[in-house]
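Under our numbering, the residues of the sequence shown are numbered 2 to 538, in order.
Glycine included, every Cβ here is placed at the ideal spot set by N, Cα and C.
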Amino acid sequence: MAKLSMEFSFFQTIFFLFCRVVFRQSKNHKSLHRNVSNIHANEGKYHKYPSFVHRSNLSNQTLVFSVEEALLKSSSLFPYFMLVAFEAGGLLRAFILFVLYPILCLVSEEMGLKIMVLVCFFGIKKKSFRVGSAVLPKFFLEDVGLEPFEMLKKGGKKVAVSKIPQVMIESFLKDYLEIDFVVGRELKEFCGYFLGVMEEKKRSKAALDEIIGSESMGFDVIGISGLEKSLDYHFFSHCKEIYQVRKADKRNWRHVPRQEYSKPLIFHDGRLALRPTLVASLTMFVWFPFGLALSILRAVVGLMLPYKISIPLLAYSGLHLFLSTPESSLHPLSLPNSKKHNPKGRLYVCNHRTLLDPVYLSFALQKDLTVVTYSLSRISELLAPIKTVRLARDRDQDGKMMEKMLNLGDLVVCPEGTTCREPYLLRFSPLFSEMSDDIVPVAMDSNVSLFYGTTASGLKCLDPLFFLMNPRPIYTVRILDGVSGWYTCHDGQRSRFKVANQVQNEIGKALGFECTKLTRRDKYLIMAGNEGIISQT
């Protein structure tokens with residue numbers, strides 16, 4: 002009997018387990034049936050992206066789009082975080098991020114994103130973080146697809162959704178693409194410093210719900226995102242239609258031409274001149290120690306040796322200098338009544354690309370020159386291979402100083418007062434036009450491959466060092482035909498402003514650069530949040 006009871010208990014247990022499994026399968030089948038029904042119900046909601054390109058009636062529509070899936074050509078976010086790590090955290094932080102790349106490939110996308118945020122933002126002061134507004138916009142703009150960019154311009158209200166921190170993308174989207182609302186991930190902070198941890202997605206979703214609820218006003222909401230496996234359904238739950246972008250679509254996108262930017266990219270900061278992809282980052286880290294040694298060697302050769310010896314050695318090291326000199330600019334100008342005035346040195350007026358502009362001009366002409374500077378660190382003054390004279394930003398005092406220097410010899414001035422990397426010229430200060438009748442405009446241009454030799458927020462004394470760290474930096478010096486200044490200004494024929502504008506236009510025409518009315522103050526307020534006054538210590 003005991004044996005029979007045990008067998009009955011065993012079969013009873015099997016029977017109950019069987020019934021439980023059947024019940025679960027029945028429940029899952031019903032759930033699957035409901036999901037299939039929902040998919041069939043939403044079949045008309047999802048469309049392929051190419052069909053969106055042909056739509057024209059978008060002015061009254063609210064467009065919600067994924068920045069990573071529907072705007073940028075590249076699918077990798079690593080270069081942007083590398084820029085944050087290098088520019089905001091330094092070389093060591095960037096190297097740590099580079100070493101962690103294999104781990105980023107092994108973990109999930111969300112976990113990889115959290116690791117990059119932690120490495121790049123932990124301990125960074127929130128108030129001084131300007132990489133998102135001064136560095137990243139240039140690289141984001143170079144990665145935007147022309148096709149989605151043109152479609153977004155046709156839309157009404159535009160809402161950008163991103164999975165990366167908002168401080169990285171907000172300035173780029175609002176300032177250069179005129180996006181109305183940006184919904185990114187917020188970063189946690191403590192005592193004014195980032196903790197390297199993002200807030201939960203729920204906050205971003207709540208912010209999007211509030212935006213859609215207040216801005217749609219009865220208009221249809223159209224979503225643009227990736228495929229369903231990468232689609233965040235909550236973010237796009239408000240959309241009447243969703244257009245899905247495939248990787249094949251992205252491969253056919255073209256880059257946005259510079260002239261199509263909603264706002265011209267005139268100023269940008271940061272040391273890195275290359276887009277730091279994995280391969281580019283590896284190249285940078287391998288080259289860095291060699292570049293540092295080469296930079297010091299080039300500086301020593303330029304400072305210690307005479308022109309006839311240093312120029313061939315520097316050319317052999319990879320420095321390239323191209324000089325263009327019209328014959329008319331090599332002889333003194335013959336201006337009416339010029340002999341009535343005391344002979345002075347020649348005044349070279351240059352646009353400003355790097356701190357090395359006057360040095361390259363001196364090497365190109367193979368003669369010692371004096372340069373006047375508006376704001377230069379004491380370290381740069383001590384290491385300069387040519388004589389530098391600091392101006393006080395007082396018109397009368399600066400005019401007397403420049404006149405004194407001209408009586409002693411040739412003088413170089415950069416009337417923009419600051420450097421500009423892009424093909425634009427800032428406003429020329431007109432003081433130089435009253436100093437001499439022998440004004441020679443000089444068009445300067447430079448090209449680098451790894452590091453920029455200028456900065457607005459970093460240590461300016463390191464600018465020449467970073468420029469000389471490039472493997473093959475190129476400088477082009479074009480000496481243009483002379484312009485009359487002092488005589489025509491004092492004789493009442495032209496104002497000093499017209500002379501300054503003429504010199505600016507001549508240089509701009511020679512380089513193919515656009516002339517602007519922006520000043521040094523404008524640049525530093527945008528890039529560094531100050532007026533660009535450099536400490537003399």
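Coarse secondary structure for residue i, derived from DSSP in three states
i: N506; result: helix
i: I267; result: coil
i: R521; result: helix
i: T420; result: coil
i: S67; result: strand
i: D446; result: strand
i: A393; result: coil
i: K1; result: Given a span of 2 to 538 for the chain in the structure shown, any question on residue 1 remains unanswerable.
i: P166; result: strand
i: R252; result: helix
i: R479; result: strand
i: T374; result: strand
i: Y349; result: strand
i: Q62; result: coil
i: C415; result: coil
i: T538; result: Because T538 sits at a pLDDT of 39, beneath the cut-off of 50, its placement in the model cannot be relied upon, and the point is left open.
i: E200; result: coil
i: F195; result: strand
i: A95; result: helix
i: M7; result: Reliability of the predicted coordinates at M7 is poor, the pLDDT of 46 falling under 50, and no value is obtained from them.
i: F429; result: coil
i: A385; result: coil
Candidates the options: closest to residue i by CA position
i: R497; options: H256, V68, T455, E435; result: E435
i: K241; options: H48, A511, N502, S447; result: H48
i: E417; options: D439, R391, R354; result: R354
i: S282; options: S60, L481, L84, A529; result: L84
i: W288; options: A393, M112, V160, P472; result: P472
i: A529; options: A135, I480, E201, M199; result: A135
i: L427; options: Y317, C351, H55, Y262; result: C351
i: L362; options: R521, G319, D446; result: D446
i: S75; options: H256, A161, K175; result: H256
i: L409; options: D176, Y425, V390, L59; result: V390
Pairwise C-alpha distance: residue j and residue i
i: P386; j: I180; result: 48 Å
i: S77; j: F141; result: 12 Å
i: D411; j: K405; result: 11 Å
i: K248; j: M285; result: 29 Å
i: V441; j: Q503; result: 12 Å
i: N448; j: Q62; result: 44 Å
i: V500; j: F433; result: 9 Å
i: T455; j: L315; result: 21 Å
i: D523; j: S172; result: 17 Å
i: K139; j: K264; result: 12 Å
i: L178; j: K309; result: 51 Å
i: K115; j: V183; result: 20 Å
i: D369; j: I508; result: 23 Å
i: C421; j: F268; result: 7 Å
i: V280; j: I243; result: 35 Å
i: S381; j: Y525; result: 19 Å
i: V360; j: F79; result: 38 Å
i: G146; j: P313; result: 44 Å
i: V373; j: S430; result: 13 Å
i: E423; j: V478; result: 17 Å
i: A71; j: S163; result: 10 Å
i: L298; j: L322; result: 18 Å
Cβ distance (whole Å) where residue i is taken to contact residue j below 8 Å
i: V65; j: G224; result: 5 Å
i: L357; j: P465; result: 6 Å
i: E190; j: L196; result: 6 Å
i: V120; j: A89; result: Not really, about 11 Å apart at Cβ, beyond 8 Å.
i: P474; j: L366; result: Contact doesn't hold; Cβ gap of about 19 Å is too wide.
i: F452; j: L273; result: 7 Å
i: L584; j: M117; result: Nothing in the structure corresponds to residue 584, since the chain is present only between 2 and 538.
Burial state of residue i (16 or more Cβ within 10 Å)
i: S109; result: exposed
i: A294; result: exposed
i: Q260; result: exposed
i: D438; result: buried
i: R347; result: buried
i: P258; result: exposed
i: M112; result: exposed
i: L174; result: buried
i: G271; result: buried
i: V301; result: exposed
i: I165; result: buried
i: M305; result: exposed
i: F467; result: buried
i: R521; result: buried
Minimum Cβ-Cβ distance from residue i to chain C less than 8 Å
i: C462; result: Any reference to chain C falls outside this structure, which holds one protein chain only.
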